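S.K.: First the structure, then my questions, so here it is.
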Amino acid sequence: MPAMPSPPVPAPTSNTPPAAVGPLLLLSFLATFGTAVLWNGLAFVARDGYGFDESWNLLLAISNGGIYAIAAFASAPILRRLSSRIAPRTVVALVFLLQVLICPAILISDSPVVLFAVAGAMSFLAAFFWPVIEAFVSAGRDPGAMRNAIGWWNTVWMLALGLALVLMAPLLAAGHAVWAIASLGPINLACVAVLYLGVPKWIAAHRDHQPDHAAPVTYVDLLASNRALLPLAYALIGALSPLMPYLLEDLAAPLAWQTPLTATWMFARVAGIAILRRWSWWHGRWAATLLGGVLLVGGFVAVVAAPSIPLIVGALIVFGLGQAVVYYAAMYYVMRVGDADIDAASTHEGLIGVGYGIGPAAALAGVVIGGGGAIIAASLALPALTAWPAIRPYLRSRRRHSRLG
């Protein structure tokens with residue numbers, strides 16, 4: 003991965019220590035409320051505040067996913083070009099301040115055009131935040147410390163994701179859905195304060211701190227496989243999130259319980275991440291990658307087909323555990339192989355954005371055809387397309403192992 007060029011202002015060197023984990027956790031906890039509303043709660047806001055049906059909600063999700071993917075893939079080269087003038091911390095601060103200005107715009111009009119514009123702008127800006135924070139979390143740490151930091155970071159932001167959906171419920175029940183977006187303004191101001199009080203100006207230069215931090219050869223193949231599964235994971239989230247309001251409505255779930263029930267898979271993912279953080283057995287093992295893929299796809303099918311609330315809750319738990327394995331493995335391997343830099347993180351986020359775009363597109367095809375069975379069939383085309391890119395690195399690894407054996 004290309005390193006950030008040395009600008010004529012104080013840049014990361016071996017004297018720039020790894021960022022303290024505590025402030026990054028607090029910052030990510032607060033920032034995740036925006037992610038929760040714009041990705042996982044937006045369908046509820048659009049349904050209750052704007053009268054969107056399934057098709058319009060899926061179109062909104064496709065728009066957000068496409069914008070996020072383009073911005074995330076572009077973020078690393080843009081940040082490198084800006085590095086001679088502006089530090090990564092300053093870029094993140096500007097992102098938060100712009101979001102402070104954008105969030106209240108949702109109150110200007112009840113036009114769907116405003117909703118699309120605000121959600122799209124917030125998605126674009128978020129693509130310049132998460133890659134930088136992921137690099138701060140990982141850079142400069144040895145493998146054990148990196149795994150621990152990534153584990154804590156994933157646990158905190160994923161927990162915040164579920165809590166945010168739970169906290170949205172009173173606003174939805176009271177008929178004030180759009181305030182879930184408007185309230186993000188003050189939260190972003192708090193993010194700026196945490197950023198300048200606890201996060202360093204520059205990201206640590208990983209190779210200076212960990213010159214012998216070479217990943218095992220098999221990690222390259224595991225990264226390739228998990229990179230194929232990562233957009234699939236977020237494609238299934240992207241397909242499911244806009245459908246959850248209607249799936250729960252069909253099961254007669256009370257309005258006040260719909261976002262908390264949706265958050266079930268998020269809390270299950272937190273539990274899975276906590277286990278993976280403490281248990282390093284899965285490092286370098288293909289069985290973990292296979293398990294994640296099976297839980298992911300099986301859980302998704304069970305959620306869409308569930309005939310009752312208890313069964314949909316059980317299916318959401320399975321789905322969340324699959325998400326935990328795929329997300330944690332993909333991030334851990336990309337940071338080990340990619341020297342924990344912004345390029346690695348932006349690719350990671352770009353793949354997430356691709357998933358967020360193509361998942362709703364597949365689900366929309368199912369809705370147009372008609373029925374839950376069609377949605378499952380259309381969405382299962384995604385695992386079918388992912389199967390060969392995910393299996394091929396495993397076969398390559400086996401051939402290499404056989405030659406060496």
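Whatever position you read off the sequence shown (first residue = 1), add 2 for our numbering.
For glycine and all other residues, C-beta sits at the position ideal for the given N, C-alpha and C.
Just so we're clear, the structure is a prediction, and the values are computed from it rather than from any experiment.
1) So, helix, strand or coil for Gln212, using DSSP?
2) Does Phe35 pass the burial test, meaning 16 or more other C-beta atoms within 10 Å, or should it be called exposed?
3) Between which two residues does the alpha helix (DSSP H) carrying Trp155 extend?
4) Using the Cβ count rule (16 or more neighbours within 10 Å means buried), how would you classify Val356?
5) Can you give, in chain order, each stretch of the beta strand (DSSP E) that sits fully within the stretch 35-80 and has at least 3 residues?
6) Buried or exposed, going by whether 16 or more other CB atoms sit within 10 Å of the CB of Glu251?
7) Helix, strand or coil for Phe131? Go by DSSP, reduced to three states.
8) For Ile69, I'd like the list of residues in its chain whose CB is within less than 6 Å of its CB, leaving aside the five on either flank, ordered along the chain.
9) Taking its Cβ as the centre, do 16 or more other Cβ atoms sit within 10 Å of Ser348, making it buried, or is it exposed?
10) Counting C-beta neighbours from all protein chains within 10 Å, is the total for Leu103 16 or more, i.e. buried, or is it exposed?
11) At a cut-off of 7 Å, would you count Val93 as near the ligand GDP, judging by its Cβ distance to the nearest heavy atom?
12) What number of angstroms, rounded off, separates the C-alpha of Gly324 from the C-alpha of Trp204?
13) According to the Cβ coordinates, are Ser243 and Trp41 closer than 8 Å?
14) Hey, out of Ala317, Ala176, Leu245, whose CA is closest to Gly368's CA?
15) Going by CA-CA distance only, name the one from Met160, Ala290, Ala176 that's closest to Tyr335.
16) Ignore the nearest five residues each way along the sequence and tell me which others in Ala383's own chain have a CB closer than 8 Å to its CB.
17) Only counting the same chain, and skipping five residues up and downstream in sequence, which positions put a Cβ closer than 6 Å to that of Val11?
18) Quick one: residues in its chain with C-beta nearer than 7 Å to the C-beta of Ala265, no 5 flanking neighbours on either side, listed in chain order?
19) If you run the structure through DSSP and keep just helix, strand and coil, what is Ile205?
20) Using a Cβ-Cβ cutoff of less than 7 Å, which residues in the same chain neighbour Ala89 once the five nearest sequence positions on both sides are dropped?
21) For Arg270, I'd like the list of residues in its chain whose CB is within less than 6 Å of its CB, leaving aside the five on either flank, ordered along the chain.
22) One question on the structure: do Leu238 and Ser381 come within less than 8 Å of each other, judged by their Cβ atoms?
23) Give the DSSP-derived three-state secondary structure of Thr18 in the structure shown.
24) To which residues of the same chain is Phe31 closer than 6 Å at the C-beta, ignoring the five residues directly before and after it?
25) Decide if Ala206 is buried, meaning its Cβ has at least 16 other Cβ atoms within 10 Å, or exposed.
26) Apart from the five residues just before and just after Met6, which ones in its own chain have a Cβ nearer than 6 Å to its Cβ?
27) Under a three-way DSSP split, which group does Ala317 fall into?
28) Hey, Gly301 and Ala326: beta-carbon distance below 8 Å or not?
29) Mind checking Ile110: buried by the 16 CB within 10 Å criterion, or exposed?
30) In three-state DSSP terms, what is Asp112?
31) Going by the CB atoms, is the gap between Ala129 and Ser77 shorter than 8 Å?
M.R.: A quick look at the data gives this:
1) Legend: pLDDT at Gln212 = 48, less than 50; position of this residue unreliable, value from coordinates given subsequently. The answer is coil: DSSP assigns Gln212 none of H, G, I, E or B.
2) buried
3) 145-175
4) buried
5) none
6) exposed
7) coil
8) Gly122, Ser125, Phe126
9) buried
10) exposed
11) Of the ligands one can find in the structure shown there are none, so the ligand GDP has no counterpart to examine.
12) 34 Å
13) yes
14) Leu245
15) Ala290
16) Ala364
17) Since pLDDT at Val11 reaches only 38, below the 50 mark, its modelled position is unreliable, and the value read off the structure follows with that caveat. Nothing meets the Cβ criterion.
18) Gly164, Leu167, Val168
19) coil
20) Lys203, Trp204
21) A small fix is needed here, since residue 270 is Ala in this sequence, not Arg. Taken in chain order, the residues that qualify are Ile319, Gly322, Leu323.
22) yes
23) coil
24) Val158, Ala162
25) buried
26) Interpretation of Met6 is limited by its pLDDT of 33, a score under 50 that renders its predicted location unreliable; the figure taken from the coordinates is listed afterwards. Arg82, Ser85, listed in sequence order.
27) helix
28) no
29) exposed
30) coil
31) yes
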